[in-house]
Every structure is written in C-alpha cells, then in structure tokens.
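S.K.: Please find one structure pasted underneath; my questions will follow.
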Amino acid sequence: MSRRLSKQVLGLFSVLIMFHHMALRTCAPYLPESVFRHGLEPFLSIGYLLVSFFFFCSGYGLIKSSRNKENYFRGFFVKRLNRILFVVLVTDVIYLIFRIQKGIPAFPVNPYSWFIFCIAVLYAGFFLFYRKEGHFSVVLLSLFLLVYTVFCYTFALGNWWFNAAPAFIAGIVAGDKQLATSKKKAVISGCIFVVCFFISENGIIVYKLLGEPGYFLVDLITIVLQMVASCAFSLALYYLLSGMREPSENKVSKVLDLLGGMTLELYLIHGFFVNFFSFSYISDNVGSYFYISNVVLYVLAVSVCSVVAAFLIRKLADFVAELYKESDFMKVLMRDIKIVVAAGLILGTVVLIFTSVGQVIRSSSAKERLAQMKDETVTMLSVNGCDTAVYVTGEGEYTIVLMESDVMPCATLHAKPLADELAADYKVVVIDYPGTGYSGDTSAERTCDFYADTVRGVLEQLDIRENIILLPHALSAVYAYRYIEKYPEGVEGVVFVDAVTPEFADHIVSSYSRNDAEYEWNITNSIRAEACKRQLLYRTGLVAMDMSGYNSLFASTPLRKDMPAMADMMFSNYLTGGHRAELSMAYSNLVSMQDFVMPSDLPVSFVLSSVTRANMSYGISFLNSYESMITNDDIQSVYVVNGNVYVYFYNPKLIKSKVDDLVLSL
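The sequence shown begins at 3 in the numbering used here and counts up one residue at a time.
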C-alpha cells in the first residue's frame, strides 16, 4: 500500500470526519426541531468507519517499520507522542479559553480528543507486546484491547472510544502477513462491511427479531458488529489501495497531499469551529458564539476556518520541531520538562496513596457525624413496609411538604436550610424517599404512585390531613402531579421550583436513543458509569475535584460546618440504591403523567430560575411549558427568579417568599 496514497486518503477522511461532526450538530435525530437542519444526513453514521482506517494505517505502519528499522523501539514514545502532545496542548488551550468564557470548563477540554487517548493506549499495547515479539503478541495485544474496551464500556465513554480500535490490530496483521492485493478479498471484505454496518445501524430490528430481550444483548451485538464493520471496511480499502498506482501530479493530488500532511492538526482543531458556529458551544445548555443556521454557509465557515487553522498549527509545530533540533537550549529544556513530568507522576502517585488513606480516616469520622445528625433531626417511620426517614420542624396553620428532587441523595440533610427557614411560620415535613439518605431501601418499583403513596403514608402517620402545601423540586414535580390526582383532599396549593413537566416525555427518548428500550438501557448504563466515577473519586480521596460547586451551595447555610459529613453522604449514596432506581424510571414516570391536567381550583406557583429559563432542555422552553399547564390565570402563575436549578438549596429566603405569596393568596 503506497504511503503517499494512504496519506491522501487519510487527508480526505479527515475532511469527512469534519462533515460527520457537522452533521451531528445540524441533523442528528436527537436535536430539537428549532435547530434541526437537513443536508448532512449521509455523514451521520460514518464517523467510526473513517477513524478505523486511521487506526488501521497506524498498526500497518508500526509493524512495517519495526520489521525494517534497527533499534526501532528506542525512544518509541518520544518519537510518536512529542508532536501529538504539542498539537494537543495548542488546541486544548484554544478550547479552554472559549470554554471558560462560557463557564463550562471540563476534562477533556476537547470533546473530540478521545482519539488521542485511544491511539496512545494502542501505541502502549504495541510497545508492550511487540518490543520483544513472540508467537502470542497479537493475542496479547487483542486481550489488552479487550480490557480497554471493557473499561470504556464500564464508564459509558461512548462506543466511539473503542468500536474502531480493532482495525489497529487488523492493520498489524495486514502488514505482518504481507496480504496480497486481491479483488476477491476486497469484495468479500466489502460485503461483510455492508451487512454488519446495516444491521448495527438498525438495532431495533435486532431487538424485535430476538423477541425484545434485555437491551444489553442488543447493545453488545451492535458493538461487535461495529467492530467487525470497522475491520472489514479498512481491509476492503486496503485491498483496493494496494492495487492502485501512485497518484499522478495534479491539483487534486496537491490538495490531498496538503490535507494528508496535517490530519492530526485538522482533526484536533475542526471541532472548535464545528461548535463555534453551531447553535451552542459544546454543551447544549449554553449559547453559541456565532450561530450560522444556513447549512451551506455553516459548512463553508467550518471547513475554511478549520483548514486554515490546521495549516497554521502545522507550521507552528514544524517551527518548534526544527528549533528543538538546532537549539541546545531547547533540548535541555525539553529534557528538564520530561524530568519534571516524571517527578510529577511519581509525586502524584504518592499523594494519591496518602489521600486514599486519609479518605478512609475522614470517612470514619464523617459517618460518626452523620449518625449524630440523624439522631438530632430525623424521625424514622414505617411507611408501606419501609423504614422512612423524616425531618419535621416548625409549627403553623399550613404544612409545607418538601419534595426534594433527584439532584441530592439525602433530603433531610440537603433541604434542612430551606426547612428551617420555612419553620418560622409553617410546619415543615422533609422526606428521604426509600433507598436515599437515612431511609431504608425497598424492591418496589419507583413509579409515580410509589412516591405519592410514600408522601401520603408519612403525612397520615404524622396525622396531617389538611392545609397541605406541596413544595416539589425538579423531578419530584412529577410525583406531585400524581399526588394531586390521587389525594387531592387537603392540598391547598403547590409551589413548583424548576419543575419537570410531562412534556419532556415527548423529547427525552429521541435525545438519548432511537427507541424506548434503547433509552432505558442507555440511561441505566450512563447512571451506572457516573456512579462508578463518583465512587472512584470518593474511594481515592479525590472528592474535592467534584465538590467545589457542591460546597458553594451550602456556604451561606449552617451546614457549611458539616461539609465533610455532607460530602460523605453525597458520594456514598449518590446514584446508588433507590436514587439510581428513581432516575432509571424517570421516562416511564413522565409518560404516565402525560394526561395530567392541573386542577383549575388549585392555587399554583411555578418558580423558574433565570438560568433554567435561558437554557433549552431537550428543545423545550420551561417558561412555555409551565404556561401551557396553567388552567386558571387568576390563581396560577409563573415567577422567574435569579439563580439556577440549585436555588432551592442555596437561597431558602427566596423560596420562602414565594411560599408566603401563595399562602397570602389563599
């Protein structure tokens, strides 16, 4: 296979990958109608196939070079990763600057840099098992790749992190075995690719043919088919290119040569412009920098800017590389940087060991404080056969029932500042739903009826049957709708705070997947992965990485002195047990309440935070959704307040003022 020809193909593929990412920002089926634009549909599903040929060529080139060059593995990583890391650094700085401007710093800062992590893992595997090659090197490398795949799958990083990686091994085999040009093999590989690609793109067909089993099996089959498709596609292309002559000298070849010489730079920078000119910058919850709604103009702007930027970054990388060769100072500097990095890694490992040990000690102390806080504030009730933790405080004519959302794992702790604020004028009841906080767990399905019955059971045991005002937050609004339907007697009013509405059910599936079953699997899988990540941070003592925002919620409340205990509760209970079960049932519960109509004689206040109002979730305007639920303008209203979805926790005075307003209207 000609090196120049393969580089030209990779140059073309780097442009097609750019088109693939533009398609995901214009015509992906999960996009809201307001930003959906036709035109790039053919590029939607080809991303991993294009990337697979990059992996194939990497494996092919590595094995050929190791066979033909002496001391090939000396300085292996330095030769391959120095330039890659430099380009990553330059592009990441660009991404980070604009991320910070939008208030969305994250790691990795470049959402498309997964390719770099993957290729680094593949390089490491090749070095480990081919540096001293044996008969089982390819088998060991395959097992190494399997471990990487399981890791990515466990943490729900996305199929694209691993579904093209087997092509790397296919490239090694092709280069090692000197596979000859063969039209027959090209046709066979092409046919295998077409069949596997078609089936993998129509998972619902597999789901139906298998009698609608658990979606894990369908997901597994889809992943395997994608892996086979990526290998077959790369092999078919390899057989075709191997039979072709060197490209002739013309303008097209020169353009492809240019693109083929800067595939790394183009890959790493194009995503910036894909998002810069899109309807939002990386996160769908923030606005755009410069939205171009016309698809043709969008493609032109992204393509031109990406190619120019990639060319400039390429020239900068060449300049630095040349400077490194000629300057003794640069060589010493780079050597010192490597020493610092190595020392940093060693120091980081030592710190990690100490933080892990420290976390064990702190956790023991935190659990003692949590037990003490439970004794001080919580009453345990047996509700529907489950030990349910309840915090009751204050006295007054009206009882405010705080129905905390899924965003916090212990209502009796996290909603305590709001409960104590309300207690000045009202009786307040806070409930840890079964399986969360201090409550025991149950195997019962987390339906809307389950939560409504839990609230009802608590109130009955407390002998509270009238003058009830519900105060649900976010997802708990869905349970409040059901409570209003099922137990209307005694409910005098409702104050919703950033409430989820049944309208979300019309959009949530298409935003996650292609059908209901796939949605249920995807959301459960992502919840499990997030839980694994949080537990990893918790066990290693690195919780501070994920706690800065959490701490700020309670910085102005009496809970600030108990943040270590709060952190322990957060990380040891978040996305476990009942909390995970609740989130897994979110879609089903929304669907069950789609016919809900707000009683026209019920006083209602929808409190909408300004940040939530500004953001579109699944293409839905919260303000419009709330207004559509109002059935009596005289006693039902929407109020926009400054803050975000966590205003329920960090600004209890504001929430109390809205409760006061509703009570005064009664």
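Quick reminder that beta carbons are idealized off the backbone N, C-alpha and C, glycines included.
With DSSP collapsed to three states, give me the class of His-272.
M.R.: One-based indexing of the sequence shown puts residue 272 at position 270. Correct three-state label for His-272: helix.
S.K.: For Cys-450, tell me which candidate among Ser-612, Pro-504, Thr-438, Thr-526 has the shortest Cα-Cα distance.
M.R.: Along the sequence shown, read from residue 1 onward, the residue named residue 450 stands at position 448. Closest option to Cys-450, Cα to Cα, is Pro-504.
S.K.: Quick check on the burial criterion: 16 or more other C-beta atoms within 10 angstroms. Buried or exposed for Asp-330?
M.R.: Here residue 330 is taken as the residue at index 328 of the sequence shown, counted from 1. Asp-330 should be labelled exposed.
S.K.: Drop a sphere of 10 angstroms on the beta-carbon of Asn-626, count the other beta-carbons inside from all chains shown, and report buried for 16 or more, exposed for fewer.
M.R.: Within the sequence shown, residue 626 is the residue found at index 624, counting from 1. It counts as exposed.
S.K.: Beta-carbon within less than 8 angstroms of Phe-45's beta-carbon, same chain only, minus the 5 sequence neighbours each way: which residues are those?
M.R.: For the purposes of this step, residue 45 is taken as residue 43 along the sequence shown, with counting starting at 1. The answer, listed in chain order, is Leu-18, Phe-21, His-22, Met-24, Ala-25.
S.K.: At the level of alpha carbons, what is the spacing between Lys-2 and Lys-66?
M.R.: Because residue 2 is not part of the residues shown, which for the chain are 3 to 668, the question remains open.
S.K.: Hey, Ala-476 and Ala-501: beta-carbon distance below 8 angstroms or not?
M.R.: As a working note, residue 476 is residue 474 in the sequence shown. As a working note, residue 501 is residue 499 in the sequence shown. Yes.
S.K.: Just to confirm the assignment, what range does the alpha helix (DSSP H) spanning Asp-455 have?
M.R.: Reading the sequence shown from its first residue, position 453 is the one you call residue 455. Asp-455 -> alpha helix (DSSP H) spans 450 to 463.
S.K.: Using a Cβ-Cβ cutoff of less than 6 angstroms, which residues in the same chain neighbour Gly-41 once the five nearest sequence positions on both sides are dropped?
M.R.: Walking along the sequence shown from the start, residue 41 turns up at place 39. If we look at Gly-41 and ignore the five residues flanking it on each side, its Cβ neighbours are Val-297.
S.K.: Can you give the beta carbon distance from Leu-124 to Phe-170, rounded, assuming they're within the 8 angstroms contact cut?
M.R.: If you number the sequence shown from 1, residue 124 lands on position 122. If you number the sequence shown from 1, residue 170 lands on position 168. Confirmed, Cβ separation roughly 5 angstroms.
S.K.: Is His-475 helix, strand or coil by DSSP?
M.R.: On the sequence shown, position 473 is the one that residue 475 refers to. DSSP places His-475 in strand when its eight states are reduced to three.
S.K.: When DSSP builds the beta bridges, which residues end up paired with Lys-563?
M.R.: Against the sequence shown, residue 563 aligns to sequence position 561. Lys-563 is not bridged to any residue.
S.K.: My output table needs one value for Glu-487: the three-state DSSP class, helix, strand or coil.
M.R.: For the purposes of this step, residue 487 is identified with residue 485 of the sequence shown, where counting begins at 1. If DSSP states are grouped into helix, strand and coil, Glu-487 belongs with the helices.
S.K.: Quick check: the Cα distance between Arg-541 and Ala-319, rounded to an integer number of angstroms?
M.R.: The residue given as residue 541 occupies position 539 in the sequence shown. The residue given as residue 319 occupies position 317 in the sequence shown. One C-alpha to the other measures close to 40 angstroms.
S.K.: According to DSSP, what are the bridge partners of Ile-470?
M.R.: Position 468 of the sequence shown, counted from the first residue, corresponds to residue 470. Its beta-bridge partners are Thr-401, Val-493.
S.K.: Just to confirm the assignment, what range does the alpha helix (DSSP H) spanning Ser-244 have?
M.R.: In the sequence shown, residue 244 corresponds to position 242, counting from 1. Run containing Ser-244: 217 to 244, per the alpha helix (DSSP H) assignment.
S.K.: Helix, strand or coil for Thr-633 per DSSP?
M.R.: In the sequence shown, the residue the question calls residue 633 occupies position 631. Residue state, collapsed to three classes: coil.
S.K.: What are the start and end residues of the beta strand (DSSP E) that includes Ser-639?
M.R.: Along the sequence shown, read from residue 1 onward, the residue named residue 639 stands at position 637. From DSSP, the beta strand (DSSP E) with Ser-639 extends over 638 to 643.
S.K.: Name the one or two DSSP bridge partners that Val-431 has.
M.R.: Walking along the sequence shown from the start, residue 431 turns up at place 429. Answer is Val-394, Val-403, bridged to Val-431.
S.K.: Rounding to the nearest angstrom, what Cα-Cα distance links Glu-251 and Phe-321 in this structure?
M.R.: Taking the sequence shown and counting its residues from 1, the one referred to as residue 251 is at position 249. Taking the sequence shown and counting its residues from 1, the one referred to as residue 321 is at position 319. Roughly 27 angstroms between the two C-alpha positions.
S.K.: Within the chosen definition, does the segment 392 to 409 reach the segment 476 to 488 through at least 3 CB pairs nearer than 8 angstroms?
M.R.: Yes, they touch.
S.K.: Measuring straight from C-alpha to C-alpha, what distance separates Phe-556 and Leu-420?
M.R.: Position 554 of the sequence shown holds residue 556. Position 418 of the sequence shown holds residue 420. Going by the C-alpha atoms only, they are around 11 angstroms apart.
S.K.: For the beta strand (DSSP E) holding Met-382, just list the boundary residues, first then last.
M.R.: Start at 1 with the first residue of the sequence shown, and residue 382 comes out as number 380. Where Met-382 is concerned, the enclosing beta strand (DSSP E) stretches over 381 to 385.
S.K.: Return the residue from the list Phe-498, Val-80, Phe-573 that minimises the CA-CA distance to Ile-632.
M.R.: On the sequence shown, residue 632 is found 630 positions in, with the first residue counted as 1. It is Phe-498.
S.K.: Name the one or two DSSP bridge partners that Ser-611 has.
M.R.: Indexing the sequence shown from 1 puts residue 611 at position 609. Answer is Val-643.
S.K.: Closest to Ala-368 by CA distance: which of Lys-563, Tyr-50, Tyr-628, Leu-666 is it?
M.R.: Counted from its first residue, the sequence shown places residue 368 at position 366. The option with the nearest alpha carbon to Ala-368 is Lys-563.
S.K.: When the Cβ atoms of the segment 455 to 465 are set against those of the segment 381 to 389, are three or more pairs found closer than 8 angstroms?
M.R.: Contact between the segment 455 to 465 and the segment 381 to 389 is present, because at least three Cβ pairs lie under 8 angstroms.
S.K.: Given a threshold of 16 other Cβ atoms within 10 Å of its Cβ, counted over all protein chains shown, does Ala-482 qualify as buried or as exposed?
M.R.: Here residue 482 refers to the residue found at position 480 when the sequence shown is read from its first residue. Buried, because 16 or more other Cβ atoms sit within 10 Å of the Cβ of Ala-482.
S.K.: Expressed to the nearest angstrom, what Euclidean distance is found between the alpha-carbon atoms of Leu-261 and Ala-446?
M.R.: Reading the sequence shown from its first residue, position 259 is the one you call residue 261. Reading the sequence shown from its first residue, position 444 is the one you call residue 446. Whole-angstrom Cα-Cα distance: 58 angstroms.
S.K.: In the DSSP assignment, the alpha helix (DSSP H) including Met-24 goes from what residue to what residue?
M.R.: On the sequence shown, position 22 is the one that residue 24 refers to. Here the alpha helix (DSSP H) through Met-24 covers 5 to 26.
S.K.: Going by DSSP in three states, Phe-157 sits in which element: helix, strand or coil?
M.R.: Position 155 of the sequence shown, counted from the first residue, corresponds to residue 157. Looking at Phe-157 - three-state DSSP - the assignment turns out to be coil, as it is neither helix nor strand.
S.K.: For Ser-611, which residues of its own chain have a beta-carbon under 7 angstroms away from its beta-carbon, when the five flanking residues on both sides are left out?
M.R.: Sequence index remark: in the sequence shown, residue 611 carries index 609 (1-based). Excluding residues within five positions, the ones whose Cβ falls inside 7 angstroms are Asp-500, Val-643, Gly-645, Asn-646, Val-647, Val-649.
S.K.: Taking 7 angstroms as the limit between beta carbons, can you name the residues of its chain near Tyr-74, skipping five residues before and five after?
M.R.: Residue mapping note: residue 74 aligns to position 72 of the sequence shown, counting from 1. Excluding residues within five positions, the ones whose Cβ falls inside 7 angstroms are Ser-67, Ser-68.
S.K.: Let me confirm a value: Pro-436 is counted as buried when at least 16 other C-beta atoms fall within 10 Å, else exposed. Which label applies?
M.R.: On the sequence shown, position 434 is the one that residue 436 refers to. Buried: at least 16 other Cβ atoms inside 10 Å.
S.K.: State buried or exposed for Arg-316, treating a residue as buried only when at least 16 other CB atoms are found within 10 Å of its CB.
M.R.: Here residue 316 refers to the residue found at position 314 when the sequence shown is read from its first residue. By the neighbour-count rule (16 or more Cβ atoms within 10 Å), Arg-316 is buried.
S.K.: What distance in whole Å lies between the Cβ atoms of Ile-433 and Leu-604, which are believed to be in contact at a cut-off of 8 angstroms?
M.R.: Your numbering for residue 604 matches position 602 in the sequence shown. Your numbering for residue 433 matches position 431 in the sequence shown. Leu-604 to Ile-433, Cβ: 21 angstroms. No contact.
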